[in-house]
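**Student:** With the sequence shown counted from 1, adding 2 to any position gets you this note's numbering.
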Amino acid sequence: MTPPTHLDGARVLAWAWSDLPFGHITDEHGAAPVAIHGLAVCRYADEARVYRFSCDAHWKTLQDAV
């Protein structure tokens, strides 16, 4: 599944998708694990650094890292 051009306001530079999850993450509140199907490398317009976004099956960003 192709991602949108922007995630959380950052432009998508590269991405990967898997019908089988790359893995699962939980939030800091201990909610049930959520499957990660999309990974995206993104950049905000006013920043030089890039971020890796971990996304659910609908390209909702669940976690990011520099």
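Think of the CB as a built atom: it goes at the ideal place given N, C-alpha and C, for glycine as much as any other residue.
None of these values were measured; they are calculated from a predicted model.
Among the residues of its own chain, which have a CB less than 6 angstroms from the CB of T4, if the five just before and after it don't count?
**Tutor:** Counting only Cβ-Cβ distances below 6 angstroms, and skipping sequence neighbours, we find nothing.
**Student:** In whole angstroms, what separates the C-alpha of E30 from that of A50?
**Tutor:** C-alpha separation (whole angstroms): 28 angstroms.
**Student:** When you compare only the Cα positions, how much space is there between G25 and H39?
**Tutor:** Spanning the two alpha carbons is a distance of roughly 8 angstroms.
**Student:** Does the ligand FMN have a heavy atom nearer than 6 angstroms to the CB of C57?
**Tutor:** Because no ligand of any kind appears in the structure shown, any question about the ligand FMN cannot be addressed here.
**Student:** Would you mind working out which of L41, A67, F55, V52 sits nearest A18, comparing C-alpha positions?
**Tutor:** Checked all of L41, A67, F55, V52; the closest Cα to A18 is L41.
**Student:** When DSSP builds the beta bridges, which residues end up paired with T63?
**Tutor:** DSSP lists C57 as partners of T63.
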